[in-house]
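Numbering (our numbering), first residue to last: 20 to 430.
Next comes the structure, spelled out in structure tokens:
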């Protein structure tokens, strides 16, 4: 297992989530905007993707990038080296398209961002959208997730809750959420999650689904099936093939027979001020729920910028300018993903101070808060990373292979 370079007790003491926004702006963390149908009808209000999907600005929209023209900056020799390295790792060739007739090299890369970085979604077809980012740039995203092709629920402030099929939607335009909604889907689930090795506090997404206090925890007892709203639960503790549940009134129950309370649970996601943490059920111990200080990071707090900084190489060079990480990630919101002892981290580059490869399978990350992590088991933090491009002040790029990166210091 991958070990952190500092003790976990010290690490997670420092990673306790602070409030994203002031407590009097209690509803600003919910996704909000205008949905326009193919018939030109518009509806405005709080939004949720699917029945159990994304509902906060900090939730992730993801898919596959339609194209990546950064390979045009590489020489034929550098492209050949990348191809040979992929062969040596026995990687699947299903994700690669190589055409030497027009010197093109295309690799499928994932696009992932918090919803707060998106200004508008234009739906081209069921599995393809055009995203307009907060800075006006446009990105085409296709396939790769259930964020496209499903349904969207909107809580129109006049008409109430409405559900739209993806095929009926033309555009979605995001906007600042009112600080106080007349009605809302529910309050955030918030608390402290304990697991083997540490604990962390933040907004909780139970079983990768339940995000609101109005969602229910399912399970069987000797007296029958129980459906308990999260807003009525004080704590949940994993125990044998089920879970011990304590309600806010003090009732104690042992639940089993449901993926909410047994080892078929998909995991517990905790959103914090530095990113999100995905804790698998086998690592989970207990959660204590408390009232959320607010609903999370507000739409107005997001700003999209290009990645910039300094790349120090193993050859002693120091290259400064705009950076394209892993040959495809160029925005500050793009996410470095990796694991530490089976706990998965998703950290936007804007929250990272420095990045240092340690060996072929893990890298050291120093957050801007000063805390450190060693992450592995992911493309971003291993030798599957295709290296970086650094553009100097004149716009000329220099390519640095991943194995030649000593450290990246992000601005």
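No residue lacks a Cβ here, since even glycine has one placed at the ideal position from N, Cα and C.
Which term fits residue i, buried or exposed, when burial requires 16 or more other beta carbons within 10 angstroms of its beta carbon?
i, result
"residue 314", "buried"
"residue 295", "buried"
"residue 262", "buried"
"residue 379", "exposed"
"residue 320", "exposed"
"residue 156", "exposed"
"residue 434", "There is simply no residue 434 to check, as the chain begins at 20 and stops at 430 in what is shown."
"residue 301", "exposed"
"residue 181", "exposed"
"residue 219", "buried"
"residue 290", "buried"
"residue 214", "buried"
"residue 259", "exposed"
"residue 178", "exposed"
"residue 229", "buried"
"residue 154", "exposed"
"residue 202", "exposed"
"residue 47", "buried"
"residue 271", "exposed"
"residue 57", "exposed"
"residue 103", "exposed"
"residue 77", "buried"
"residue 413", "exposed"
"residue 26", "At residue 26, the pLDDT of 38 sits below 50, so the modelled position is not reliable and the matter cannot be decided from this model."
"residue 196", "buried"
"residue 336", "exposed"
"residue 309", "exposed"
Just checking my contact of residue i with residue j at CB under 8 Å: how many whole Å lie between their CB atoms?
i, j, result
"residue 79", "residue 132", "7 Å"
"residue 222", "residue 311", "7 Å"
"residue 428", "residue 329", "5 Å"
"residue 52", "residue 193", "4 Å"
"residue 431", "residue 65", "Because the chain spans 20 through 430 in this model, residue 431 falls outside it and cannot be assessed."
"residue 359", "residue 392", "6 Å"
"residue 188", "residue 142", "5 Å"
"residue 190", "residue 69", "That pair is no contact at about 19 Å."
"residue 212", "residue 298", "6 Å"
"residue 138", "residue 82", "At roughly 17 Å, the Cβ-Cβ gap does not stay under 8 Å, so residue 138 and residue 82 are not in contact."
"residue 364", "residue 394", "6 Å"
"residue 135", "residue 316", "6 Å"
"residue 371", "residue 390", "Residue 371 to residue 390, Cβ: 11 Å. No contact."
Can residue i be considered in contact with the ligand GTP, in the sense that its beta carbon sits closer than 7 Å to one or more heavy atoms?
i, result
"residue 391", "Absence of the ligand GTP is noted for the structure shown, with no ligands found whatsoever."
Specify, as a first and last residue, the run of the beta strand (DSSP E) that residue i falls within.
i, result
"residue 383", "381-386"
"residue 79", "79-84"
"residue 66", "61-68"
"residue 225", "217-225"
"residue 346", "Taken as a continuous stretch (DSSP letters only), residue 346 belongs to no beta strand (DSSP E), as it is neither H nor E."
"residue 178", "Where residue 178 is concerned, there is no enclosing beta strand (DSSP E), given that its DSSP letter is neither H nor E."
"residue 90", "Unbroken run through residue 90: none, as it is neither H nor E."
"residue 327", "327-332"
"residue 213", "209-214"
"residue 192", "188-193"
"residue 54", "51-56"
"residue 428", "424-429"
"residue 196", "Per DSSP, residue 196 belongs to no beta strand (DSSP E) and is neither H nor E."
"residue 323", "Neither: residue 323 is in no beta strand (DSSP E) and is coded neither H nor E."
"residue 417", "416-419"
Which residues bound the alpha helix (DSSP H) around residue i?
i, result
"residue 99", "95-107"
Less than 8 Å between CB atoms is the rule here; does residue i satisfy it with respect to chain D?
i, result
"residue 141", "Absent here is chain D; the protein component of the structure consists of one chain."
Curious, which full-length beta strand (DSSP E) runs of at least 3 residues does the region 234-282 contain?
235-240, 243-248, 252-258, 261-266, 271-275
Stretch pair the region 200-211 + the region 146-162: three plus CB contacts closer than 8 Å:
Counting Cβ pairs under 8 Å, fewer than three are found: no touch.
Are at least three pairs of beta-carbons, each pair with one atom in the region 347-359 and one in the region 240-260, less than 8 Å apart?
no
With a floor of 3 residues, list each beta strand (DSSP E) that falls wholly inside the region 131-167, ordered by position along the chain.
Correct list: 137-144, 147-152, 157-161.
Any contact of the region 271-282 with the region 230-238, i.e. 3+ C-beta pairs under 8 Å?
Segment contact: the region 271-282 against the region 230-238, three or more CB-CB distances shorter than 8 Å; contact assigned.
Per the contact definition of three or more C-beta pairs closer than 8 Å, is the region 338-348 in contact with the region 86-100?
yes
Touch test, the region 390-399 against the region 407-414, Cβ-Cβ under 8 Å, three pairs minimum:
Here the region 390-399 makes no contact with the region 407-414; the two share fewer than three CB pairs at distances below 8 Å.
Starting from the N-terminal side, write out each stretch of the alpha helix (DSSP H) that is 4 residues or longer and does not extend beyond the region 359-414.
none
Of all the beta strand (DSSP E) runs that stay within the bounds of the region 291-319, which reach a length of 3 or more residues?
295-298, 303-308
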